[in-house]
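These notes are about the structure you will find just below.
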Amino acid sequence: MAPSLTRRLIALGSSDPERAERFLGAPELVGIDEEVLLEGLGAAPDPDGALVALVRLLEKEPRLRATVDAGLARSEPLFRLLGASEALAEFLIRHPEHVDVFDVVPSAEPQGADPVALRASLLRSVGADPASARPVSSRTGADAWEALRIRYRRHLCELAIRDLGAASPTDFLPIAAAELADLAAGALEAGLAVARAETAATFGTEAVGAVALAVIGMGKCGARELNYISDVDVIYVVDADDDSGLDASTILGIGTSLATGLSRAVSGTAREPGLWQVDPNLRPEGKDGPLVRTLASHLAYYDRWAQSWEFQALLKARCIAGDAELGRRYEQAVAPLVWASAGREGFVDSVQAMRRRVTEHIPPAEADRQIKLGAGGLRDVEFTVQLLQLVHGRADETLRVRDTTSAIAALAAGGYIGRSAAAEFDASYRRLRLLEHRIQLAQLRRTHLMPVKEDALRALARAVQGVMDTGKASPEALLDSWHRTKRSVRELHERIFYRPLLNTVANLSPEEAKLSPEAAQGRLAALGYRDPQGAMRHIEALTAGVSRRAALQRQLLPVLLDWLAEGVDPDAGLLAFRRVSEALGTTHWYLGMLRDSAAAAERLCHVLANSRLIADLLEVSPESVAWLGHERDLAPVPLEAQWQEIQSKISRHEDPTARMRLVRLIRRREILRTAIADSAGLLDQDAVGNALADADQAAVLGALRVAEDQASARGPLLTHVLVVAMGRQGGREIGYGSDADVMYVHRPLPGADPGEAQRQAKEIVSAMSGLLTQPIRPAVLAERTLQLDADLRPEGKAGPLVRSLDSYAEYYRRWALVWEWQALLRARPMAGDDGLAADFMRLADSVRYPEQLSPADVTEIRRIKARVEAERLPRGADPARHLKLGRGGLSDVEWLVQFIQLQHAARHPELRTTSTLGGLYAAAELGFLEEREATLLAETWRLASRIRSANVVWTGRPSDMLPSSRRDLEAVARWCGYAPGQASALEQQYLQLTRRTRHVFEEKFYAVSR
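First residue of the sequence shown: 5, per my numbering; consecutive thereafter.
Structure representation (structure tokens):
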């Protein structure tokens, strides 16, 4: 039994067979053989859309029935176009006089149209003479615009018919893209002819005829690889005949009028819709610069002001319309600038910005649908090819081509990329561009998103097939092919960039590309390696030999080098990677982690290239690399667990030096663990402060135990000692470069001589400091020693290093100054006897939370703050950039919070906290600060603290300054969570926040006391 019509329609690809059956019964189709119709619909990518368009078109132009009746031999172009492009079908319905476009004999191997013929046709559409040096149209206004657009779309239909009828659409793709660029150039030429006629009404025919305007195509149009629908990027160059007698202002005025008139002709409002946008924003100074310039003005700008990316944008510059001689002079003048750009200062930054543009600004909802942007997209291919051209084209003129497919071929022919890799890259690029073309052709809209609906995917799958393909197209197969292509592009990026570097030093294979030493170093320099020769030595050391490790490194280094290049200091990262690899040797877990855990390997590369602190620590404790493969290993170890480990380990040794070495190794390990977890975004800022405070506290506990054991070895213990954390250590708000502010308290044991107890307590606390900082053997390499600073004790440096609890009580009762009350606000027991700690904290509470501050106390606090600002700020330091003592910095926030605590904590227990942020939020809840003020102060304090830590992480050294060096600022910005290239954003935000914070501080700190 013959299948029903519904089943046949479903088999043809109809998504709505009931609707299709109704349209098959339309009056316009009466008399047309149903089998002929179904055969034609079977050739259409979207049979439903083709059927609806056919009925509407037959209504407008019944003579088209003859084409349909003649069968697929004649009607195939008709059905393919109507089923692939609703937009072009609508054009033909608006203008049925152009249905003769289907009167062609389709070819499976089509050729491109003649660019000269296209230009002539478009010029004639507006009544201009193609043979004229500066054609002028006989038609103006909307009449000319519509004629131009109709002729353009007629030619677009002709191209689409040939494109859709090709046996191999990917082979035809460069031809189609070139013809699309030629069509755009012809449309601009015709638009310019219209603009000349319109401008003559203002400036006069003779004056306009004496002015030359060259339209320079940029981007895809300049490269003759345009999409079906795309903005056309242009730059305008203006000049005038030597005997014109026109002054500069008139020449520029006429040029501007021509440029704006050209744009109106192409995209201005009219009955026939505009073609596409003419975008002149790649011109010097962008939107802020003049629309047209003379050649001399262009060159003056490029000589003095242009940034590196502007020269790279000129890579594809080509005169596409207007005065050809002026355009040729422009091309010749800028070409040397393009090929010298790789040697300019800022080139690497520009390259890295190019890389970021691959994935930036992609809405999350579109990330998985992007064909152009994102990993494995068209931008990936274009970035890779253009960068290689810029790096190697300085010395090799064969690479100076504009379009992507020709550039890939030239790079392969020159030996800069492997032949097999080039073939795969070219094929992947063509597949992606074909998808982009077919998606855009459907509605003639700018889009780079893969469809979501199944019927749209099915139509796209059919549209990308060649005319002779017999396989059944399906959405599943289409998506599978697309995902494979994206993966291939990402893999090829690493192979193309880095495999030739390895082959250069390791002689891997005669089949692969091998670069000269100069070319290899140029490629590394372009990627951000500041010492390419040193980088090549490291690569050679990592890959030389026949060991399993060398073989694996040769396999992995292309990817690893790319990850390292994403860091701020890839040279240091590569050196650290080499040292770590050499230290771990053939350790099975290390090689396995690099091979099997991409996330761990990438994290390793990023921390090595972005952090001197982490790199130094990993080099001396390479076994810690294992943590990168398991996030659970990066969780901070609780204080109790650290203390238990310390007690267990030191119990096995008697020598104080050996015991302290174990304590200090554990602290170094935990700082590294915290830093890696911080870099991976696994810890927030509060968790980092707590983890570092725990590591310091565990070390102080260990040092106190060892010091007390030393004292007990010389005689009986006479006293209990307490170490009290002060300052940021007391608030558990420390960073990677923080010292430990402390005070020492002791209480003699019953029956002990007070003098002897005092002497022993001093010996113990003095020994503690040495145990934590003095060199020991074997050395604890790369250690950031813990300095114990007791300057916040009563009387400061002039007072006793350690006092008894009774002495503290007496001192605070009789002589304590208001700054000493303030210092106690962040006091917290750190190590020592629990009973003594409880008693001291009761004493501290009675001092630091006074019932009231006298006017004299308030004046003294303000006087001390002013003195600190005046005397402690380093000479020559910019107050706006000093993180601690600068205007609106950490000191301002902390002093304001402590001022509020001193005034009100006695009556408001919520303010009794050692945490700056805890006190800040409590002050806001109690109404002493407005909520917006507290939010501002907290944001400033967090950012300043983060920058402070970032300085240590990046350089390995503490610094209280916001960096001025762009490179240092970039590294700090990345650690603070800013995207690459956003160093200035960090700087601006910090300076803005601190200005506002200083205003709040001055308003609240110097207000009349309540």
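Where is the CB? At the ideal position from N, CA and C, for every residue including glycine.
All values reported here derive from a predicted model rather than from experimental measurement.
Neighbourhood of residue i by C-beta distance below 6 Å, restricted to the same chain and skipping five residues each side
i: Leu796; result: Met730, Asp745, Ala827
i: Leu13; result: Pro21, Ala24
i: Glu914; result: Ala926
Simplified DSSP assignment, three categories, for residue i
i: Val468; result: coil
i: Ser601; result: coil
i: Arg690; result: Before going further, note that residue 690 is Asp rather than Arg in the sequence given. Residue state, collapsed to three classes: helix.
i: Leu512; result: Because Leu512 sits at a pLDDT of 45, beneath the cut-off of 50, its placement in the model cannot be relied upon, and the following sentence gives the value as read from the coordinates. It is coil, neither helix nor strand.
i: Met730; result: coil
i: Tyr853; result: coil
i: Thr917; result: coil
i: Ile165; result: helix
i: His886; result: strand
i: Gly836; result: strand
i: Leu792; result: strand
i: Val282; result: strand
i: Gln374; result: strand
i: Arg971; result: helix
i: Ile868; result: helix
i: Tyr533; result: coil
i: Gln115; result: coil
i: Asp37; result: coil
Start-to-end residues for the beta strand (DSSP E) that takes in residue i
i: Gly994; result: For the sequence presented, residue 994 should be read as Tyr rather than Gly. Here Tyr994 belongs to no beta strand (DSSP E); instead the alpha helix (DSSP H) covers 987 to 1009.
i: Arg751; result: 744 to 752
i: Ala325; result: 322 to 326
i: Val806; result: 806 to 808
Own chain partners of residue i with C-beta closer than 8 Å, once the 5 adjacent residues on each side are dropped
i: Leu805; result: Tyr748, Lys766, Val769, Ser770, Ala794, Arg797
i: Ser432; result: Val385, Thr489, Ser492, Val493, Leu496
i: Asp659; result: none
i: Thr661; result: Ile780, Arg781
i: His912; result: Ala926, Leu930
i: Pro114; result: Arg166, Asp167, Gly169, Ala170, Phe176, Ile179
i: Asp675; result: Reading off the sequence, residue 675 comes out as Ile, not Asp. Taken in chain order, the residues that qualify are Leu621, Leu696, Ala699, Tyr740, Arg788.
Buried/exposed call for residue i, threshold 16 Cβ in 10 Å
i: His159; result: buried
i: Thr863; result: exposed
i: Arg732; result: buried
i: Met472; result: exposed
i: Arg275; result: exposed
i: Leu753; result: exposed
i: Arg1014; result: Note that Arg1014 scores 41 on pLDDT, short of 50, meaning its location in the model is unreliable; the coordinates nonetheless yield the value given after this. Exposed, since its Cβ has fewer than 16 Cβ neighbours within 10 Å.
i: Lys801; result: exposed
i: Val456; result: exposed
i: Val72; result: buried
i: His396; result: buried
i: Lys224; result: buried
i: Pro878; result: exposed
i: Val956; result: buried
i: Tyr994; result: buried
i: Gln374; result: buried
i: Lys291; result: exposed
i: Arg652; result: Reading the sequence as shown, one finds Ser at residue 652 and not Arg. So Ser652 ends up on the exposed side.
Terminal residues of the alpha helix (DSSP H) in which residue i lies
i: Leu785; result: Careful: Leu785 lies outside any alpha helix (DSSP H) and carries neither H nor E.
i: Val456; result: Where Val456 is concerned, there is no enclosing alpha helix (DSSP H), given that its DSSP letter is neither H nor E.
i: Gln444; result: 423 to 447
i: Asp682; result: 660 to 683
i: Gly350; result: No alpha helix (DSSP H) holds Gly350; DSSP gives it neither H nor E.
i: Ser773; result: 758 to 777
Residues that DSSP places opposite residue i in a beta bridge
i: Thr298; result: Val242
i: Val219; result: Tyr240, Ala325
i: Thr723; result: Pro752
i: Met965; result: His886
Cβ shell of residue i (< 7 Å), same chain only, five flanking positions each side left out
i: Gly893; result: His886, Leu887, Ala948, Thr998
CB contact check: residue i to chain D, cutoff 8 Å
i: Gly839; result: Chain labels in this structure do not include chain D; a single protein chain is all it has.
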